[in-house]
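Mapping to this note's numbering: the sequence shown position 30 is 30, numbers consecutive.
Glycine included, C-beta positions come from ideal geometry on N, C-alpha and C.
Structure first, then comments.
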Amino acid sequence: MQKFLSTLKAGLLDTGSRLLVAVSGGLDSMVLLHLLLEVRDTLQLELATVHVHHGIRGEAADQDERLVRDAAKAYGLPYYCIHVDAVGHAQKYKLSLEESARVLRYGYFEEVLDETGFDLLAMAHTADDQAETVIDHFLRGSGSAGLRGIPVQRGRFVRPLLSFRRTELEQLARHVDLSFREDASNQDIRFTRNRIRHELLPYLKDHFNPNITAALNRSASVFGEVETFLRQCAIDAFKSLVSLQKKNEIILEIDGFLEYNTVVQKYVLLLCCEQLGMSRSSLDYDSHRNILQLIRRRRIGTRFDVTQRFCIQVDHDGIVIYDRHQKTPPEVSINLSEKSTFRFGEYEFRWAELQDCPGFSRSRDIEYFDRDEVGDCLKIRLFYPGAFFYPLNFRGKKKVSDFFSDCKVPLHARMEIPILESNRGILWICGYRMDDRFKVTDKTRTLLKVEIRKRANDD
Numbered sequence: 001m002q003k004f005l006s007t008l009k010a011g012l013l014d015t016g017s018r019l020l021v022a023v024s025g026g027l028d029s030m031v032l033l034h035l036l037l038e039v040r041d042t043l044q045l046e047l048a049t050v051h052v053h054h055g056i057r058g059e060a061a062d063q064d065e066r067l068v069r070d071a072a073k074a075y076g077l078p079y080y081c082i083h084v085d086a087v088g089h090a091q092k093y094k095l096s097l098e099e100s101a102r103v104l105r106y107g108y109f110e111e112v113l114d115e116t117g118f119d120l121l122a123m124a125h126t127a128d129d130q131a132e133t134v135i136d137h138f139l140r141g142s143g144s145a146g147l148r149g150i151p152v153q154r155g156r157f158v159r160p161l162l163s164f165r166r167t168e169l170e171q172l173a174r175h176v177d178l179s180f181r182e183d184a185s186n187q188d189i190r191f192t193r194n195r196i197r198h199e200l201l202p203y204l205k206d207h208f209n210p211n212i213t214a215a216l217n218r219s220a221s222v223f224g225e226v227e228t229f230l231r232q233c234a235i236d237a238f239k240s241l242v243s244l245q246k247k248n249e250i251i252l253e254i255d256g257f258l259e260y261n262t263v264v265q266k267y268v269l270l271l272c273c274e275q276l277g278m279s280r281s282s283l284d285y286d287s288h289r290n291i292l293q294l295i296r297r298r299r300i301g302t303r304f305d306v307t308q309r310f311c312i313q314v315d316h317d318g319i320v321i322y323d324r325h326q327k328t329p330p331e332v333s334i335n336l337s338e339k340s341t342f343r344f345g346e347y348e349f350r351w352a353e354l355q356d357c358p359g360f361s362r363s364r365d366i367e368y369f370d371r372d373e374v375g376d377c378l379k380i381r382l383f384y385p386g387a388f389f390y391p392l393n394f395r396g397k398k399k400v401s402d403f404f405s406d407c408k409v410p411l412h413a414r415m416e417i418p419i420l421e422s423n424r425g426i427l428w429i430c431g432y433r434m435d436d437r438f439k440v441t442d443k444t445r446t447l448l449k450v451e452i453r454k455r456a457n458d459d
């Protein structure tokens, strides 16, 4: 008990914490709940239980749920539970059954934390789980991030039993006559973790190192320190390299990036991906290698698709990491006679008819046209291949793509620039150049003033 209390007091929990406890009904989680109840008054903890029924083991899973529900009732604790279809989820998203169950479980934990306002969620991983995880990640070819294993705390999830062996929990359960459920699936060696637990670890213990579990836990601790150091290096490098950061785009200065060690480069890219909402697992070893080769060649316009949604590209501005998912509709039609404002994605258009010329604005966001040449029906759209227009004060027509190149508009940014069109063609590459055919002349009777503004609530 003193070991457990010392673990909590060593910065894992604050006095008065509101703590959800993930309880499966198995040995580890029932011991965790027992220990937390024992120190509840000492640390002034507010406790509640949460359970996930994965829909996998039929009546056995139902009995797990009943045990946890009854325990919560007996101790006067709030109880939260959800039934999920781990098999169906695995088939739908092409995941292993283990990974599917984990995704659904953690998703529900986050949901309950958000809805209840509890501070943290305690999970019952042990030193044995840590050893199994390190071996599993090693066999998958993980780097330091994987070989650090299970962190004692990650975000709102804490693991107070990570320094405890499973044998210690078994002894405590016998001592206090604690009820718990045995999960028969934990013996099924079709699952990788079970083969590691029941076959590989015992073999390593018997033939290589009788203290293999402790050794693997030490390795996890060392790799955790390495990971912390590398992440801080990446944060420092990122601060010196970032030239633009928005919610859907980050640009890094390429010359400075290439001066860093390859490992730091990888961690900077990981940091960028995380900040844009990508999963860290999206950048595996091969992806890192291909991306770094692309950057070193410095071929403008070359792009690597990290996922279907996120890209990394070498551009005039540097290394661009961006979300290419367009929330802006590709094309909308408007009638000038029906309204005087219109929203297009993150932009707002305003227009007005003028009889007298007030003096042309120098703003790039305002343009004046000959109203009679424009017509009533307009379109707002994004760049599309083959588009051309007749730039103001330019002889002849020009492809929009060539115009963008002349203006050094980054490739990734071209799909964010609205284009205003009439039935006769493009009126205005908004913020850049209007079409010569619609300019105001001494024969113009009525002017059309169009203003585009970026809405204040967007980055």
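* To do: Can you give me the Cβ contacts of Leu-216 inside the same chain, cut-off strictly under 6 Å, excluding the 5 residues immediately before and after it?
  => Ala-131, Val-134
* Asked: Which whole-angstrom value is the C-beta distance of Val-268 and Ala-237, which I expect to be below 8 Å?
  -> 5 Å
* Exposed unless 16 or more other CB atoms sit within 10 angstroms - verdict on Glu-421 -> buried
* Going by CA-CA distance only, name the one from Gln-2, Leu-27, Lys-3, Val-39 that's closest to Leu-19. => Val-39
* How about the stretch 42-60 and the stretch 195-209: do they share at least three Cβ pairs that are nearer than 8 Å? -> no
* As assigned by DSSP and simplified to three states, the class of Phe-257 -> helix
* Who does Cys-377 pair with in a DSSP beta bridge? -> According to DSSP, which records beta bridges pairwise, Cys-377 is partnered with Asn-335.
* To do: Leaving aside the five residues before and after Thr-7 along the sequence, list all residues of the same chain whose C-beta is less than 7 Å from its C-beta, in chain order.
  => Pro-160, Ser-163
* **For Arg-165 and Thr-126, believed in contact at Cβ under 8 Å, the rounded distance** => 7 Å
* Let me know if Phe-229 comes out buried or exposed under the rule of 16 or more other beta-carbons within 10 Å of its beta-carbon. => exposed
* Spatial neighbours of Asn-290 in its chain, beta-carbon cut-off 8 Å, leaving aside the 5 residues before and after -> Phe-304
* Beta-carbon contacts of Ala-220 that lie in its chain and below 6 Å, excluding the five residues immediately before and after -> Gln-130, Val-134, Arg-148, Gly-149
* Proximal residues to Phe-4 (C-beta, below 6 Å), its chain only, five neighbours per side dropped -> Leu-35
* From the DSSP output, in three-state form, read off Arg-453 for me. => Three-state result, Arg-453: strand.
* Boundaries of the alpha helix (DSSP H) in which Tyr-75 is found, first to last residue -> Note, Tyr-75: premise wrong, no alpha helix (DSSP H); not H, not E.
* **Residues sharing a beta bridge with Asp-305, DSSP** => Paired residue(s): Cys-311.
* Asked: Residues bridged to Gln-153 by DSSP?
  -> DSSP output for Gln-153 lists Val-158 as bridge partner(s).
* Length of the line joining the Cα atoms of Leu-270 and Lys-449 -> 45 Å
* Count the other CB atoms within 10 Å of the CB of Ala-101; is the residue buried (16 or more) or exposed (fewer)? -> buried
* Asked: Just the Cα atoms here: how many angstroms apart are His-83 and Glu-115?
  -> 17 Å
* If you run the structure through DSSP and keep just helix, strand and coil, what is Asp-14? -> coil
* Residue range of the unbroken beta strand (DSSP E) whose run includes Arg-350 -> Here the beta strand (DSSP E) through Arg-350 covers 347-354.
* What separation, rounded to the nearest whole angstrom, lies between the Cα atoms of Glu-99 and Val-23? -> 18 Å
* **Val-158 to Trp-351 span [Cα, whole Å]** => Rounded to the nearest angstrom, the two C-alpha atoms are 56 Å apart.
* **Proximity below 9 Å, CB of Met-278 to CB of Phe-310** => yes
* Asked: Hey, would you say Val-314 sits closer than 9 Å to Leu-292, going by beta carbons?
  -> no
* Asked: For Gly-107, does the three-state DSSP call read helix, strand or coil?
  -> Assigned with DSSP and collapsed to three states, Gly-107 falls in helix.
* With Ile-426 and Ile-417 assumed to form a contact (beta carbons below 8 Å), what rounded beta-carbon distance in angstroms separates them? -> Their Cβ separation, rounded to whole angstroms, is 12 Å, which puts Ile-426 and Ile-417 out of contact at 8 Å.
* To do: Tell me, to the nearest whole angstrom, how far the beta carbon of Lys-397 is from that of Phe-389; I am working on the premise that it is less than 8 Å.
  => 7 Å
* Asked: What do you reckon, are the CB atoms on Leu-178 and Val-31 nearer than 9 Å?
  -> With contacts defined by Cβ atoms closer than 9 Å, Leu-178 and Val-31 form a contacting pair.
* From what residue to what residue does the beta strand (DSSP E) around Glu-46 run? -> 46-53
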